[in-house]
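Report on the structure given below.
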Amino acid sequence: MIEIPSDLHKDLVPLVFLLGNWAGAGVHDFPGSEKCNFGQEVSFTHDGRDFLEYHSHTWVLDKDGNKVRPLESESGFWRVDADRKVEVTMVRNDGVVEVWYGELAKQKPQIDLVTDAVARTAASGPYTGGKRLYGYVNSDLMWVGEKQTPEVELRPYMSAHLKKVVTPEDVERWARALPDDMPDDGIAFFK
Numbered sequence: 001m002i003e004i005p006s007d008l009h010k011d012l013v014p015l016v017f018l019l020g021n022w023a024g025a026g027v028h029d030f031p032g033s034e035k036c037n038f039g040q041e042v043s044f045t046h047d048g049r050d051f052l053e054y055h056s057h058t059w060v061l062d063k064d065g066n067k068v069r070p071l072e073s074e075s076g077f078w079r080v081d082a083d084r085k086v087e088v089t090m091v092r093n094d095g096v097v098e099v100w101y102g103e104l105a106k107q108k109p110q111i112d113l114v115t116d117a118v119a120r121t122a123a124s125g126p127y128t129g130g131k132r133l134y135g136y137v138n139s140d141l142m143w144v145g146e147k148q149t150p151e152v153e154l155r156p157y158m159s160a161h162l163k164k165v166v167t168p169e170d171v172e173r174w175a176r177a178l179p180d181d182m183p184d185d186g187i188a189f190f191k
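Laid out in structure tokens, this is it:
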């Protein structure tokens, strides 16, 4: 269920499908690094201003799905303008800072992004740019990231399938919003 918070900045309504906490798993595969499955937690929040705050943490999973060690962390800010152009500023734990630009697809909750600027610290590995695709599909958030280095052409390196994390506060809010004339047995509701 997508809800538009009453205090959400009006410019962010096209990005409302991103809001909330998400968790899931994906695959990491890039030349020169370990191929692995990973877990991920993502949050998109707002405070009434004209941006979404973004945080993502990933970790390597073993064959049984247990956390082994951290993989990547990133944080940033997402904005959208009246023409559905999206801009993202992001910093990653490996010493990379990026500016991404893209746009929302017409008639569907999908965002295509490409790096416009990349800055790296001396500690970061080689990286020259990337692309990302985010989509809201059947109430889930899915994404795929591509990256390139001086040695490797642009290619997919991470993708994940995330589910919305439901909190007890969400359930309580939804319960308060139920109509008073709900059938007691629950079965009549589906007839």
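First residue of the sequence shown: 1, per full-length UniProt numbering; consecutive thereafter. Idealized CB from N, CA, C, for every residue including glycine.
**Asked** Buried or exposed: G65, going by 16 or more other Cβ atoms within 10 Å of its Cβ?
**Response** As a first step, residue 65 is located in the sequence shown; it is residue number 65 there, counting from the start. So G65 counts as exposed.
**Item:** D81 versus L52: straight-line alpha-carbon distance, rounded
**Value:** Counting from 1 along the sequence shown, the entry for residue 81 is found at position 81. Counting from 1 along the sequence shown, the entry for residue 52 is found at position 52. Approximately 13 Å, taken between the alpha carbons.
**Prompt:** Shortest alpha-carbon distance to M90 belongs to which of A122, I2, D116?
**Reply:** Looking up residue 90 in the sequence shown gives position 90. Ranking A122, I2, D116 by Cα distance to M90 puts D116 first.
**Message:** Using CA atoms only, rank isn't needed, just tell me which of E172, F77, V144, S124 is closest to D47.
**Reply:** Indexing the sequence shown from 1 puts residue 47 at position 47. The option with the nearest alpha carbon to D47 is F77.
**Request:** Check whether the Cβ atoms of V97 and R120 lie closer than 9 Å to each other.
**Result:** As a first step, residue 97 is located in the sequence shown; it is residue number 97 there, counting from the start. As a first step, residue 120 is located in the sequence shown; it is residue number 120 there, counting from the start. For V97 and R120, yes; Cβs fall inside 9 Å.
**Prompt:** Based on the DSSP output, what are the partners of W164 in its beta bridges?
**Reply:** Mapped onto the sequence shown, residue 164 falls at position 164. Residue identity differs from the one stated: residue 164 is Lys in this sequence, not Trp. DSSP, once it has assigned bridges, lists W22 as partnering K164.
**Residue range of the beta strand (DSSP E) that includes A119** = Taking the first residue of the sequence shown as 1, we reach residue 119 at position 119. Unbroken beta strand (DSSP E) run through A119: 110–120.
**Message:** Using 8 Å for Cβ pairs, my map puts K164 next to G39. What's the rounded Cβ distance?
**Reply:** Along the sequence shown, one-based indexing puts residue 164 at 164. Along the sequence shown, one-based indexing puts residue 39 at 39. Not really, about 16 Å apart at Cβ, beyond 8 Å.
**Prompt:** Under a Cβ-count criterion, where at least 16 other Cβ atoms within 10 Å of its own Cβ denotes burial, should D7 be classed as buried or exposed?
**Reply:** Start at 1 with the first residue of the sequence shown, and residue 7 comes out as number 7. D7 should be labelled exposed.
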